[in-house]
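Q:
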Amino acid sequence: MGLFANLFARSEPVLSDAASRDAAAIAGLHAASFRRGWSEQEVEGLLTDRHVIAHRAMLGSTMVAFILSRLVEDEAEILSVAVARARRGRGLARNLLDLHLRRLAGYGARAVFLEVDEHNTAAIRLYDRAGFREVARRPSYYPGAGGKAAAALVLRRDLV
Ligand SMILES: CC(C)(COP(=O)(O)OP(=O)(O)OC[C@H]1O[C@@H](n2cnc3c(N)ncnc32)[C@H](O)[C@@H]1OP(=O)(O)O)[C@@H](O)C(=O)NCCC(=O)NCCS
53 MGLFANLFAR
63 SEPVLSDAAS
73 RDAAAIAGLH
83 AASFRRGWSE
93 QEVEGLLTDR
103 HVIAHRAMLG
113 STMVAFILSR
123 LVEDEAEILS
133 VAVARARRGR
143 GLARNLLDLH
153 LRRLAGYGAR
163 AVFLEVDEHN
173 TAAIRLYDRA
183 GFREVARRPS
193 YYPGAGGKAA
203 AALVLRRDLV
């Protein structure tokens, strides 16, 4: 690996607010991470919605993670979070979620909800470590491989 490639591989992603100019990068990361992708227009619509809070992780000019929530009054819902495959398993989602939850609290959120596939071990671990607890279960919510649908777990974390 060349010197610059080596430095790039070792540097830490920088976390910051995401804005509508990030729509294409978020749509790309989303499509690479989920069975049903979001179009760039859908993401742009979310990023320009005043109720939506979004953060990103950048490695140089490349987006390597994002998280999006909708905040209405004092309740937030995490709509999506994803980390680029090559950067997973290094604590990036944990750091981004931590920043995001602190910002949501700052905007007045008192409770945060989300839905996760019962088989998504990495995400369930991430949320469990961040203090989320299961409050409901929606059977047969996600179409599964081989026709076997998976349940959605509804998780909640109080911020106060
Ligand atoms: C879920 C996801 C965001 C996690 O991102 P990440 O940066 O790899 O997560 P982190 O490295 O911060 O790890 C967070 C926790 O999950 C655990 N974890 C990460 N990947 C794991 C895996 N494949 N299997 C089991 N646990 C895993 C980590 O060990 C860590 O727990 P710990 O603090 O007890 O060690 C990432 O796997 C992803 O983008 N998945 C596809 C999109 C997705 O499913 N999003 C969630 C939808 S609800």
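Going by my numbering, the first residue of the sequence shown is number 53, and it counts up by one from there. Built from N, CA and C at the ideal position, the CB exists for glycine as well. If you're wondering where the values come from, they're calculated on a predicted model, not measured in any experiment.
(1) Along the chain, where does the alpha helix (DSSP H) containing Ser113 start, and where does it finish?
(2) Just checking my contact of Arg122 with His107 at CB under 8 Å: how many whole Å lie between their CB atoms?
(3) Pull the bridge partners of Asp210 from the DSSP assignment, please.
(4) Is the stretch 196 to 205 touching the stretch 165 to 176 in the sense that three or more CB pairs, one from each, lie closer than 8 Å?
(5) According to DSSP, is Glu94 helix, strand or coil?
(6) Regarding Arg142 and ligand 1, is the C-beta to nearest heavy atom distance less than 7 Å?
A: Result, derived from the coordinates:
(1) Segment: none, Ser113 is in no alpha helix (DSSP H) and carries neither H nor E.
(2) That belief does not hold up - the Cβ atoms of Arg122 and His107 are roughly 14 Å apart, past 8 Å.
(3) Ala163
(4) yes
(5) helix
(6) yes
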